[in-house]
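Novice: One gets my numbering by counting positions in the sequence shown from 1 and adding 629 to each. Would you mind keeping the following structure in view while I ask a few things?
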Amino acid sequence: MGPHSGYLARFGENPMDEGFEGLAVKNKENDLIVTNSMEASENCCVKVALHIRPLIDDERLQGCKECVTVTPGKPQIKIGPHSFTFDHVYGSGGAPSPTIFEDCISPLIHGLFQGYNATVLAYGQTGSGKTYTMGTGSGDGCQTGLIPQVMNALFNKIEILKDQTEFQMQVSYIEILNEEVCDLLDSLSMKMETINGHAAKVGRHPIQIREKSNGAITLAGLTEVAVHSLREMATCLDQGSLNRATGSTNMNNQSSRSHAIFTITLEQMRKIRSAFPGNDTPDEDMGEEYFCAKLHLVDLAGSERAKRTGSDGLRLKEGIHINKGLLALGNVISALGDEKKRKEGVHVPYRDSKLTRLLQDSLGGNSKTVMIACISPADINAEESLNTLKYANRARNIQNKPIVNR
Ligand code: ADP
Ligand code: MG
């Protein structure tokens, strides 16, 4: 099952709903032709980047020292006796952070315009810089984060291509808290005046995840906002981020216990010349190429173990749910990478959590995935940082075993 099937199915006229594995191209007879997607399949991998934030004031006040060393000129990090190599290492003597976008995210945007789904995941303990890196906060970090850069790049590219191609974009923004899916843009659908208003958590109701007969994942009743400008898209990000649930634990006052997923869907209808020899009359020679792809930008919940939050009752329950999603994500990524097991028909355990279920059509297959592992350099966080490095390292192993859908 290719990642595109759900979207084409939405148009209700696609004869290839089942087992669709490529890009849909309409020729001048209006037949849908599926182009070969093998190239993308073979390039499929999970890229893993490490982002080490600087020591923050709180850590300095506690007298913390940096406990990680980056090997000069290499994407390699040492913590105690352990050494890890990733695709990229940013911060603390590694590459400067602003290059994350160019190195890791630009290729996904390129793929998006070709019709390939993609997922960016920020992983790490609470306080490690996930929200800052993604730009899903409602404070300063959101200005410098990756999502605002993604938005800029999308609109710049559309501006260049708009004469040949018709574009439509929608955004949705959800959070998964206690294994429940909540719509962070719900208030937008209620009243436009509330967009720049209060962070009132009104009208929030759990969203049901549904699976279509062709395997496509849909979210019943989800708010999908059609956006026509950078400003409109940024407003959705800001409003949803304000609505995102936060709570207090011992580790961080604004600890995020939920997974937040900002999704951009890009639809394109492009006029093309068909390749019939001897026919060069422009009007007769035009077909239409339809591409649709989505980009999930995921700010995962804190990866710390429940016991370290010192919480009880409700908070402890939340901690357990968080671990469930992250555990399932690790297992899915690991299963995707095990080519031998896949050949033996072992299924990928997407159904083990809401998070993995939701990302099902954008993880694996022809999709591109980037995991950004975030860590604090402080010695006080060494144990959690090591856990993050191990988790990220497990994801990276997939790179050498691309999935080939033959
Ligand atoms: P998380 O989302 O993982 O809980 P945050 O993104 O909220 O972590 O970051 C925790 C704190 O560290 C915030 O005060 C944030 O401003 C700061 N911070 C995170 N990353 C960086 C960075 N790369 N440079 C400077 N400060 C950062
Ligand atoms: Mg956060």
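Built from N, CA and C at the ideal position, the CB exists for glycine as well. Treat the numbers as computed from the prediction; the structure is a model and nothing was measured.
Select from 962, 986, 682 the residue whose C-alpha is nearest the C-alpha of residue 993.
Specialist: Of 962, 986, 682, the residue nearest in Cα terms is 962.
Novice: If you follow the beta strand (DSSP E) that residue 761 is in, where does it begin and where does it stop?
Specialist: Not the beta strand (DSSP E): residue 761 falls in the alpha helix (DSSP H), residues 759-763.
Novice: Between residue 1004 and ligand 1, is the CB less than 7 Å from at least one heavy atom?
Specialist: No.
Novice: Kindly provide the chain-ordered list of residues whose Cβ lies closer than 5 Å to any non-hydrogen atom of ligand 1.
Specialist: Qualifying residues come out as 682, 685, 755, 756, 757, 758, 759, 760, 761.
Novice: Using CA coordinates, which residue listed in 734, 685, 698, 746 is at the minimum distance from residue 896?
Specialist: The candidate whose alpha carbon is nearest that of residue 896 is 746.
Novice: Hey, could you find the ends of the beta strand (DSSP E) residue 849 is sitting in?
Specialist: Where residue 849 is concerned, the enclosing beta strand (DSSP E) stretches over 846-849.
Novice: Could you confirm whether any beta carbon from chain B is found closer than 8 Å to the beta carbon of residue 965?
Specialist: Protein chains in the displayed structure number just one, and chain B is not present.
Novice: Note the first and the last residue of the continuous alpha helix (DSSP H) segment covering residue 1056.
Specialist: Nothing can be reported for residue 1056: it is not among the residues displayed for the chain, which extend from 630 to 1035.
Novice: In the structure shown, what three-state DSSP assignment does residue 696 receive?
Specialist: Three-state result, residue 696: coil.
Novice: Please state whether DSSP places residue 755 in a helix, a strand or coil.
Specialist: Of the three classes helix, strand and coil, the one that applies to residue 755 here is coil, per DSSP.
Novice: Cutting at 8 Å between CB atoms, please list the residues of its own chain near residue 795, excluding the five before and the five after it.
Specialist: So the list reads 897, 898, 899, once near-sequence residues are dropped.
Novice: Which value, in whole angstroms, describes the spacing of the CA atoms of residue 680 and residue 870?
Specialist: When rounded, the distance between both Cα atoms is 22 Å.
Novice: Identify which residue in 925, 807, 702, 711 has its Cα closest to the Cα of residue 718.
Specialist: Among 925, 807, 702, 711, the Cα nearest to that of residue 718 belongs to 702.
Novice: Out of 1016, 929, 901, which has the shortest C-alpha to C-alpha gap to residue 916?
Specialist: Among 1016, 929, 901, the Cα nearest to that of residue 916 belongs to 901.
Novice: Using C-beta distances below 6 Å, list every residue in its chain close to residue 1022, excluding the 5 sequence neighbours before and after it, in chain order.
Specialist: Excluding positions up to five away in sequence, the list reads 713.
Novice: For residue 815, tell me which candidate among 798, 853, 847 has the shortest Cα-Cα distance.
Specialist: Ranking 798, 853, 847 by Cα distance to residue 815 puts 853 first.
Novice: Comparing alpha-carbon positions, which option in 991, 708, 985 lies nearest residue 741?
Specialist: Comparing Cα-Cα distances from residue 741 to each of 991, 708, 985, the minimum goes to 991.
Novice: Would you say the beta carbon of residue 1008 is closer than 7 Å to some non-hydrogen atom of ligand 3?
Specialist: In the structure on display, ligand 3 does not appear, and the ligands it does have are ligand 1 and ligand 2.
Novice: Taking the alpha-carbon of residue 887 as reference, which of 685, 762, 954 has the nearest alpha-carbon?
Specialist: Considering only alpha carbons, the answer is 954.
Novice: Counting along the chain, where does the beta strand (DSSP E) carrying residue 1017 start and finish?
Specialist: Per DSSP, residue 1017 belongs to no beta strand (DSSP E); it is in the alpha helix (DSSP H), 1011-1025.
Novice: Suppose the cutoff is 6 Å on Cβ atoms and the five residues either side in sequence are ignored; what does the same chain contact list for residue 893 look like?
Specialist: Here the set comprises 800, 924.
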